[in-house]
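**Q** Attaching a single structure in structure tokens format; questions to follow.
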Amino acid sequence: MAGKIQWTESQRSAIDARGCSLAVSAAAGSGKTAVLTQRIIEKLRGGADISRLLVVTFTNDAAADLREKIRAALSASLIDFPESTHLSRQLVKLSGAKISTISSFCLSLVKSNFQLASLPSDFSVLSDTQDVLLRKNVADELISDFFFGRVEKDEANIADFSAFADTFGKPGDDEALSEAVSHIYDKLSSTARFIETLKDHIDELSCADVDFADTKFGASVLSYIDKMCAHYIGIFDAMTQYAAEHDEVAGYVPAFADDASFLEDIRQRIKAGRGFEEIRTSFLGHDFVKLGRVPRGYVPTAEVAFFREARDDFKAEYKKLCADIFVFGADAHENGREMLRASLCDLYEFMKLYKRRLDAQKRTRHAISFSDIEHKALALTVSEDGSPTPLALAMREDFDEIYIDEYQDTNEVQDRIFCALARGDNRFVVGDIKQCIYAFRSADPSIFEHLIGASEKYSAENTAEKQKVFLSQNFRSTDEILEFSNAVFELQMQRGGIMAYGADERLYGTGKHAQRVHVAVCLKEIGEETEPEAEYVAAKIAELLKNGKKRDGSRVQPSDIVIILRSVKNRALAFKAQLEKYGVPCEDLATQAFFESPEVLLAVSLLNVIDNPARDIYLAATLKSPLYGVTLEELIYIRRYSKEGTLFDALRKFTEEKGFAKGGRFLADYEKYRECARTKPCDELIWQIYLEKEILSLVAVSDDNAKREAARANLIQLYDYARSFSGGAFRGVYDFLSFIEDVIENGTKIDIPGSTASANAVRIITSHQSKGLEYPVCFVSACGASLNKRDAAADTIIDKELGIIPKIAVNYGLERVNTPQRAAASFKIARSACEEELRVLYVALTRAKEMLFVTGEVSGKVEENREKYDILPEYGTPYFALKERFFSPYSALDSKNYLEMILPAVAGRRDLCTAEIYTHTEDGQAADFVPSEKTEQETSEINYYAAKKMIEERFSFVYPNAALSSVPSKLSVSRLYPDVLDEHDTSAELEEKETKISVPKFMLSEEEEKGAKRGNATHLFMQFFEFDSVEKLGIEGEIERLEKQKFIFQSDAALINRWSLARFFESELAGKMKKSKRIYREKRFIINYPAESFTLEEEKKLSLKGEKLLVQGIIDCAFFDENGELILVDYKTDYFPREMPFEEARKVLIERHSRQIGYYKYACREMFGTDCAHAYVYSFSLNKIIEI
14 MAGKIQWTES
24 QRSAIDARGC
34 SLAVSAAAGS
44 GKTAVLTQRI
54 IEKLRGGADI
64 SRLLVVTFTN
74 DAAADLREKI
84 RAALSASLID
94 FPESTHLSRQ
104 LVKLSGAKIS
114 TISSFCLSLV
124 KSNFQLASLP
134 SDFSVLSDTQ
144 DVLLRKNVAD
154 ELISDFFFGR
164 VEKDEANIAD
174 FSAFADTFGK
184 PGDDEALSEA
194 VSHIYDKLSS
204 TARFIETLKD
214 HIDELSCADV
224 DFADTKFGAS
234 VLSYIDKMCA
244 HYIGIFDAMT
254 QYAAEHDEVA
264 GYVPAFADDA
274 SFLEDIRQRI
284 KAGRGFEEIR
294 TSFLGHDFVK
304 LGRVPRGYVP
314 TAEVAFFREA
324 RDDFKAEYKK
334 LCADIFVFGA
344 DAHENGREML
354 RASLCDLYEF
364 MKLYKRRLDA
374 QKRTRHAISF
384 SDIEHKALAL
394 TVSEDGSPTP
404 LALAMREDFD
414 EIYIDEYQDT
424 NEVQDRIFCA
434 LARGDNRFVV
444 GDIKQCIYAF
454 RSADPSIFEH
464 LIGASEKYSA
474 ENTAEKQKVF
484 LSQNFRSTDE
494 ILEFSNAVFE
504 LQMQRGGIMA
514 YGADERLYGT
524 GKHAQRVHVA
534 VCLKEIGEET
544 EPEAEYVAAK
554 IAELLKNGKK
564 RDGSRVQPSD
574 IVIILRSVKN
584 RALAFKAQLE
594 KYGVPCEDLA
604 TQAFFESPEV
614 LLAVSLLNVI
624 DNPARDIYLA
634 ATLKSPLYGV
644 TLEELIYIRR
654 YSKEGTLFDA
664 LRKFTEEKGF
674 AKGGRFLADY
684 EKYRECARTK
694 PCDELIWQIY
704 LEKEILSLVA
714 VSDDNAKREA
724 ARANLIQLYD
734 YARSFSGGAF
744 RGVYDFLSFI
754 EDVIENGTKI
764 DIPGSTASAN
774 AVRIITSHQS
784 KGLEYPVCFV
794 SACGASLNKR
804 DAAADTIIDK
814 ELGIIPKIAV
824 NYGLERVNTP
834 QRAAASFKIA
844 RSACEEELRV
854 LYVALTRAKE
864 MLFVTGEVSG
874 KVEENREKYD
884 ILPEYGTPYF
894 ALKERFFSPY
904 SALDSKNYLE
914 MILPAVAGRR
924 DLCTAEIYTH
934 TEDGQAADFV
944 PSEKTEQETS
954 EINYYAAKKM
964 IEERFSFVYP
974 NAALSSVPSK
984 LSVSRLYPDV
994 LDEHDTSAEL
1004 EEKETKISVP
1014 KFMLSEEEEK
1024 GAKRGNATHL
1034 FMQFFEFDSV
1044 EKLGIEGEIE
1054 RLEKQKFIFQ
1064 SDAALINRWS
1074 LARFFESELA
1084 GKMKKSKRIY
1094 REKRFIINYP
1104 AESFTLEEEK
1114 KLSLKGEKLL
1124 VQGIIDCAFF
1134 DENGELILVD
1144 YKTDYFPREM
1154 PFEEARKVLI
1164 ERHSRQIGYY
1174 KYACREMFGT
1184 DCAHAYVYSF
1194 SLNKIIEI
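Note that the numbering used here numbers the sequence shown so that position 99 is 112, with each residue one more than the last.
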């Protein structure tokens, strides 16, 4: 039980501390969740009421897990104290306790105070997809209005919108500006002042004639240069001292001494606060002295080789600084400041109007987004002057204590909300700066860092209001793994000056021991088309599965092993392929690898072209694919035939003028699918493409059965992703592609209802996915891959301190110029990326419980690298040991990959690790790891007889249940009736009928055809109309709005029966729908129905018992009314003559549709988990509601 745990002194302090706000810095594996739970339990045992505690974290899973742990601990406490009515009450109250995500808490706060937040009582929260789509629509419309002069100066004063669009967008790319606006909006939304943050940056740029060195841009770059100078001075001085003892390199002294003197002069000028122009002139005036001669035949020692390489590195850095920073003089600094200020003024004007229009659209929908929720909560709790509002002060009395988990991941908005709600002595926050790895989500580790810095160390006698406790004992890993990790991060974080990693922050073990960490550097020649690292890892895993034992003596299983990659792009597939060679089961949880498979790339490329044909890369991939068979030579010819415009423009022109047959087939498909994409959700469009283009068959051309099945499975999985994403709502191609892009960028796992992970397989995951997890055996791999510094090269750089800094478009958008401000920001972002990557590495290295393997691949001259990367040589000084000797804060900011972070800390340290160099062998496998000892002859015989037996079994196979052969894989509701499986049709014939049930138009009379179209048009209106818009604009106005926004066509609008719609909106049913708590329109479903329900033959019923029939359909409308009851509605446009009595017509409708409604009710029960209270048919012909 929890009470029997032997808590450490630090844990006990965190649990017992009272009378202060406590910040707990909890290192990896230190039991922070257990401490948090125990503190809450002991508070409850002491008489606290759980309804007066506020507990927030960042994910729903974490909140649910914490709630369950508290439930278990309370139940255990009740065993010890069965007569405690207080604990019993707490257990009952637990379900209603305020234990949630930060977003959920903020939403609850806003809902409870909707009037203060200026929101309607029935407001809803936009889904991520709805938010993205709405933002895009508003941005596109606003951009169009600017281009066509429809924006008045008093709305937004942008003198030259074309220049603005070229600066923040991309010439020729219609989507770029809209995407940039959305990205900037996201970044600004994590700041407390939101759009006004831009105004703050503009104000800072308004001061003219300020020396660049005194600006935040100049100060940032000079700080970096100062670190660079100090680093190389240390190395060059060491070289001159070495030369004093080794006469053979005395000729090097003048060059090294001159460089050191130059760097010292620059440092002194910076320290003295000299102007930037003076520092620039001095820097540009340096001439490198040529190295002196050394004796003939001299072989440099490791030290001398290191010193010479360091000087070469310095020369490269010098050239880079001259080209990127010191190329700008004083005039350029001032011009850059003014251009940046003008651009930000335009951006401020645009973003203000954009937000106003976006907010207006949300108001018409009675909706807000997730980012709005936090800003509404901020406005409710924090006044404009930064003080708590009256509401916040009142809420303080509601909470005895506030608990916040993962505080290192908070942003400024979240931090200010909880500071306003907390008193000085009742906040308990847990976090770890070293594990803040969500910068891309605007997490700000400096918030927790400042809190730790402002707090005093906890002691029972300390009366300070803010105190801190460090949880540093790691209960997860062996001492060997922890000492290895400590060595790396003491060097990089502490000596590197990035963050504290001293006695309080280092990891302490519990006396568990196993093997030392193993480091493997895998070498390959440049251009060599092999995967030595993937080969090595797969062979090592195969060996572990054959001979490896865990600490408890049990054998290592595939599920014990994980491969952690920083990014799986272009990497995971190689590891997976090598593991498959050994027959090792492998599950790739890193979604990017899935999207890199050729068959998925083909499908996604075609979807991208349908969404936007101007995307040349996707179009080229689609044309070159087996779908259209355009050769590379033909593509080049098409591009040269028309060099203006996009590849799509060139293809269309070439096809029209030259009669290019392949192009004609593609353009016909494009027009068809583009039209389908307007009315079909993404999953239906994908399935239509699969069927019509026979993609599933096309990818199944491999001779390898496993690869063939894997390719088909990947395509089906893509369809399942789309279906899960749609969730029965209308979500188009653009939404799905945006979703995919976000998944790939963030490395998130897509959850599909009903899907399960492999129980016993090696897993490949990203570092971000590994956070919070632990495995007995971890391979931290791809450590030779370059660090992610993409943001530093972006055209528009966004930084919390420096602001938003774009390249400025000039010459009518034909050129973009860099400014001194952006150059300085690029340097800062590149160095900040190293800090983020170091935290990501900390997370990865601290996941292993018993065995840790670190691997990385290095390209170059193998023999040179073999000596360089030998970190445990038999004699001599390792290269990376010299790196450690001269390690500095500059070194920490200059790492190019994880190997450069790790190896200096462990080079020469046999107490910390074992190491090896691996190179590719001829057979593609390590010589030490032979997967089988069978001879080639034995293998051939086994393959022959196994194949012979398999063929005999397959050809002699008798299907055990013939009745199942009549069960189709999928049917629509319209094909269902009680004896559908008793017909003589095969399942294939039934499915074929599915595609042929519509009556050809030539068989319909003109009036019947028009009636069918009128019914379809009415259904379209009912799918997309909004109650508020109908009230505001009227039925005619709403039809015009839907037509304008492309929800319906002009031809549909003309056919809609306005009079029938007017009667509908006057009905009781419409009133109920408007007041509903939740409403679903055009709710698509695919449900498993019991197959036995669709046969009347008893024998077949028995045969089909337990089997399922997959049924698809669309429910016109389902909603939960004011009483929470589920109501089903089906719209019918069946024609009835005016002279037919209503009762007779009602009976006809019931007879025609009751079975279908019954199937819909079953689907509702499966989807919503509750029975329909009422099921109605609304007849537009009768203008009546009929209950079924």
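In this text, a Cβ means the ideal position worked out from N, Cα and C, and glycines have one as well. Since the structure is predicted, the reported quantities are computational estimates derived from the model, not experimental observations.
1) Going by DSSP, what residue range makes up the beta strand (DSSP E) through N1101?
2) Below 6 Å CB to CB, which residues in the same chain sit around A41 once its five sequence neighbours on both sides are set aside?
3) Return the chain-ordered list of same chain residues with a C-beta closer than 7 Å to the C-beta of A723, the five sequence neighbours on each side being excluded.
4) What did DSSP end up calling Q374 once you bin it into helix, strand or coil?
5) So if DSSP puts P819 in a beta bridge, which residue, or which two residues, is it bridged to?
6) Is the beta carbon of C535 closer than 8 Å to that of E518?
7) Quick one: Cα of T523 to Cα of S783, how far?
8) List the endpoints of the continuous beta strand (DSSP E) containing Q1125.
9) What number of angstroms, rounded off, separates the C-alpha of I1163 from the C-alpha of F1038?
10) Are there 16 or more other CB atoms within 10 angstroms of the CB of R350, so buried, or fewer, so exposed?
11) Considering F1155, what are the terminal residues of the alpha helix (DSSP H) in which it resides?
12) What is the DSSP secondary structure of I574, reduced to helix, strand or coil?
13) Could you check how far apart the C-beta atoms of P611 and P571 are, in whole angstroms? I think they sit under 8 Å.
14) S38 to D418, Cα distance in whole Å?
15) DSSP on M864, reduced to helix/strand/coil?
16) Would you mind sorting D428 into buried or exposed? The rule is 16 or more other CB atoms within 10 Å of its CB.
17) Which ranges does the alpha helix (DSSP H) cover as unbroken runs of at least 4 residues, wholly within the segment 20 to 45, from first to last along the chain?
18) Who pairs with L1141 in a beta bridge, going by DSSP?
19) What do you get for Y1148, buried or exposed, if any count of 16 or more other CB atoms within 10 angstroms of its CB means buried?
20) What three-state label does DSSP hand E403 in the structure shown?
21) Where are the alpha helix (DSSP H) runs, 4 residues long or more, that stay fully inside the segment 252 to 339, in chain order?
22) Verify whether the separation of the beta carbon atoms of L1123 and E1105 is less than 8 Å.
23) With 16 as the cutoff for other CB atoms within 10 Å, does M1153 come out buried or exposed?
24) Touching or not, the segment 334 to 354 and the segment 196 to 210, by the rule of three or more beta carbon pairs under 8 Å?
25) So which of I450, Y514 and I810 has the shortest CA-CA distance to K841?
26) Would you kindly report the start and end of the unbroken alpha helix (DSSP H) that includes Y683?
27) Please report whether the beta-carbon of D227 lies at a distance below 8 Å from any beta-carbon of chain C.
28) What are the boundary residues of the beta strand (DSSP E) that includes S794?
29) The alpha helix (DSSP H) spanning G785 covers which residue range?
30) For Y416 versus V48, is the C-beta distance shorter than 8 Å?
31) Need the endpoints of the alpha helix (DSSP H) that E1081 sits in, please.
32) What separation, rounded to the nearest whole angstrom, lies between the Cα atoms of T1108 and Q1169?
33) Does DSSP classify H244 as helix, strand or coil?
34) Please determine, among A77, S131, A467 and I246, the residue with the shortest C-alpha to C-alpha distance to Q480.
35) To the nearest whole angstrom, what separates the beta carbons of V830 and I821, a pair I think is in contact under 8 Å?
36) Where V622 and L660 are concerned, what is the direct C-alpha to C-alpha distance, given to the nearest angstrom?
**A** Short version:
1) What you label residue 1101 is simply residue 1088 of the sequence shown in a count that begins at 1. Counting along the chain, the beta strand (DSSP E) containing N1101 begins and ends at R1091 to P1103.
2) What you label residue 41 is simply residue 28 of the sequence shown in a count that begins at 1. Here the set comprises T859.
3) Here residue 723 refers to the residue found at position 710 when the sequence shown is read from its first residue. Excluding residues within five positions, none has a Cβ falling inside 7 Å.
4) By 1-based counting over the sequence shown, the position of residue 374 is 361. In the structure shown, Q374 sits in a helix (DSSP, three-state: H, G or I).
5) Position 806 of the sequence shown holds residue 819. Beta-bridge pairing links P819 to T809.
6) The residue you call residue 518 lines up with position 505 of the sequence shown. The residue you call residue 535 lines up with position 522 of the sequence shown. Not a contact, by the Cβ cut-off of 8 Å.
7) Numbered from 1 along the sequence shown, position 510 holds the residue referred to as residue 523. Numbered from 1 along the sequence shown, position 770 holds the residue referred to as residue 783. Each residue's alpha carbon lies about 23 Å from the other.
8) For the purposes of this step, residue 1125 is taken as residue 1112 along the sequence shown, with counting starting at 1. Looking at the DSSP string, the run of the beta strand (DSSP E) that includes Q1125 is K1121 to F1133.
9) Residue mapping note: residue 1163 aligns to position 1150 of the sequence shown, counting from 1. Residue mapping note: residue 1038 aligns to position 1025 of the sequence shown, counting from 1. Near 27 Å, if we compare the C-alpha coordinates of F1038 and I1163.
10) Numbered from 1 along the sequence shown, position 337 holds the residue referred to as residue 350. Buried: at least 16 other Cβ atoms inside 10 Å.
11) Working through the sequence shown from its first residue, we reach residue 1155 at position 1142. Element bounds for F1155: F1155 to F1181.
12) As a first step, residue 574 must be located in the sequence shown, where it is residue number 561. Reduced to three states, the DSSP call for I574 is strand.
13) Your numbering for residue 611 matches position 598 in the sequence shown. Your numbering for residue 571 matches position 558 in the sequence shown. Contact doesn't hold; Cβ gap of about 26 Å is too wide.
14) Residue 38 sits at position 25 when you count from the first residue of the sequence shown. Residue 418 sits at position 405 when you count from the first residue of the sequence shown. Approximately 11 Å between the Cα atoms of the pair.
15) For the purposes of this step, residue 864 is identified with residue 851 of the sequence shown, where counting begins at 1. Three-state DSSP puts M864 in a strand.
16) The residue you call residue 428 lines up with position 415 of the sequence shown. Buried, by the Cβ-count rule.
17) 22 to 29
18) If you number the sequence shown from 1, residue 1141 lands on position 1128. Answer is A1131 and A1188.
19) Position 1135 of the sequence shown holds residue 1148. Exposed: under 16 other Cβ atoms inside 10 Å.
20) Your numbering for residue 403 matches position 390 in the sequence shown. Note that residue 403 is Pro in the sequence shown here, rather than Glu. Helix.
21) 266 to 284, 289 to 297 and 315 to 337
22) Numbered from 1 along the sequence shown, position 1110 holds the residue referred to as residue 1123. Numbered from 1 along the sequence shown, position 1092 holds the residue referred to as residue 1105. Taking 8 Å as the Cβ cut-off, L1123 and E1105 do not qualify as a contacting pair.
23) Within the sequence shown, numbered from 1, the residue matching residue 1153 stands at position 1140. Looking at its Cβ environment, which holds fewer than 16 other Cβ atoms inside 10 Å, M1153 is exposed.
24) no
25) As a working mapping, residue 841 is identified with position 828 in the sequence shown. Residue I810 is the option with its Cα nearest to K841.
26) What you label residue 683 is simply residue 670 of the sequence shown in a count that begins at 1. Counting along the chain, the alpha helix (DSSP H) containing Y683 begins and ends at A674 to T692.
27) This model lacks chain C altogether; it includes just one protein chain.
28) Here residue 794 is taken as the residue at index 781 of the sequence shown, counted from 1. Taken as a continuous stretch (DSSP letters only), the beta strand (DSSP E) holding S794 covers Y788 to S794.
29) The sequence position of residue 785 within the sequence shown is 772, counting from 1. From DSSP, G785 is part of no alpha helix (DSSP H); its letter is neither H nor E.
30) Position 403 of the sequence shown, counted from the first residue, corresponds to residue 416. Position 35 of the sequence shown, counted from the first residue, corresponds to residue 48. Cβ atoms of Y416 and V48: not closer than 8 Å.
31) Translated into positions along the sequence shown, residue 1081 becomes position 1068. Element bounds for E1081: E1081 to K1088.
32) Residue 1108 sits at position 1095 when you count from the first residue of the sequence shown. Residue 1169 sits at position 1156 when you count from the first residue of the sequence shown. Their Cα atoms are separated by approximately 16 Å.
33) As a working mapping, residue 244 is identified with position 231 in the sequence shown. If DSSP states are grouped into helix, strand and coil, H244 belongs with the helices.
34) The residue you call residue 480 lines up with position 467 of the sequence shown. When each option's Cα is compared against that of Q480, the closest is A467.
35) As a working mapping, residue 830 is identified with position 817 in the sequence shown. As a working mapping, residue 821 is identified with position 808 in the sequence shown. Sure, about 5 Å apart at Cβ, within 8 Å.
36) Position 609 of the sequence shown, counted from the first residue, corresponds to residue 622. Position 647 of the sequence shown, counted from the first residue, corresponds to residue 660. The straight-line gap from Cα to Cα measures roughly 11 Å.
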